[in-house]
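Asks: Below: one structure in structure tokens.
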Amino acid sequence: MDNKKTTNNSDQQKINWDEYTPLPRHRYPFFIILLGLIVISCATYAFMLFPKYLIASKKIQDAYMAYRHEHYLESFFLYQEVLEVDPSSKAAKIGGAETSFALGRIEEESTPGNNFWNSIAMRQLTKITLDSHQWTRIKKVMPQDFEQYFGNKRV
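Read left to right, the sequence shown gives residues 1247 to 1401 (this note's numbering).
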């Protein structure tokens, strides 16, 4: 038997498939493969960090609600937990400062003098820029003596 493969078309013609060469396998250029690996790596890293930042976001909301219900110490510790996960979180720094100023106001009423909580609040506000809404939030609880430490530029 002849090992040439043949088939019948509708016209009853015999086709010799051995005469045809198969198409070559497609090979992607190296930079495309490298780019694909980088995208996969970045996506994997983002998915690995997502739960941690989701929990931090939830804690910011819980801290804000504790602040609104005047549970200042609980709010302060929740903001500190967020700052342990993301030390650059502007929302946690502003919320922590707002809470610290509120705790400082309570401490000042009971024991006037050097206030520990106000110094923590000022430390949290270093090297960040406040927009007008954030400044209004902070100004509501911040003692007037501390306004001098902030620049005159307001957004």
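Glycine residues also receive a C-beta, built at the ideal position from the N, C-alpha and C atoms. Note that the coordinates shown come from a computational prediction; the quantities given were computed from them, not determined experimentally.
With a 10 Å radius around its C-beta and 16 neighbouring C-beta atoms as the bar for buried, classify phenylalanine 1322 as buried or exposed.
Replies: For the purposes of this step, residue 1322 is taken as the residue at position 76 of the sequence shown. Burial call: buried.
Asks: Where does lysine 1305 fall in DSSP's three states?
Replies: Sequence index remark: in the sequence shown, residue 1305 carries index 59 (1-based). Lysine 1305 falls in the helix class under three-state DSSP.
Asks: Please classify isoleucine 1318 as buried or exposed, where buried requires at least 16 neighbouring CB atoms within 10 angstroms.
Replies: Your numbering for residue 1318 matches position 72 in the sequence shown. A quick correction: the sequence has tyrosine, not isoleucine, at residue 1318. Label assigned to tyrosine 1318: buried.
Asks: Where do the ends of the alpha helix (DSSP H) carrying phenylalanine 1322 lie?
Replies: Translated into positions along the sequence shown, residue 1322 becomes position 76. Counting along the chain, the alpha helix (DSSP H) containing phenylalanine 1322 begins and ends at 1318 to 1331.
Asks: Using CA coordinates, which residue listed in Glu1344, Tyr1291, Phe1396, Ser1303 is at the minimum distance from arginine 1314?
Replies: The residue labelled residue 1314 in the question sits at position 68 within the sequence shown. Among Glu1344, Tyr1291, Phe1396, Ser1303, the Cα nearest to that of arginine 1314 belongs to Glu1344.
Asks: So is valine 1285 buried or exposed if we call it buried at 16+ other beta carbons inside 10 Å?
Replies: The residue you call residue 1285 lines up with position 39 of the sequence shown. Exposed, since its Cβ has fewer than 16 Cβ neighbours within 10 Å.
Asks: Out of Val1331, Glu1393, Cys1288, which has the shortest C-alpha to C-alpha gap to tyrosine 1299?
Replies: For the purposes of this step, residue 1299 is taken as the residue at position 53 of the sequence shown. Selected option, being the one with the closest Cα: Val1331.
Asks: Which residue from Glu1393, Asn1262, Pro1297, Leu1295 puts its Cα closest to that of phenylalanine 1347?
Replies: Here residue 1347 is taken as the residue at index 101 of the sequence shown, counted from 1. The shortest Cα separation from phenylalanine 1347 among Glu1393, Asn1262, Pro1297, Leu1295 belongs to Glu1393.
Asks: Compute the Euclidean distance between the alpha carbons of lysine 1260 and proline 1268, then round it to the nearest angstrom.
Replies: In the sequence shown, the residue the question calls residue 1260 occupies position 14. In the sequence shown, the residue the question calls residue 1268 occupies position 22. Roughly 19 Å between the two C-alpha positions.
Asks: Go ahead and label glycine 1350 buried or exposed: buried means 16 or more other beta carbons lie within 10 angstroms of its beta carbon, across all protein chains shown.
Replies: As a working mapping, residue 1350 is identified with position 104 in the sequence shown. Classification of glycine 1350: buried, given that the 10 Å Cβ count is 16 or more.
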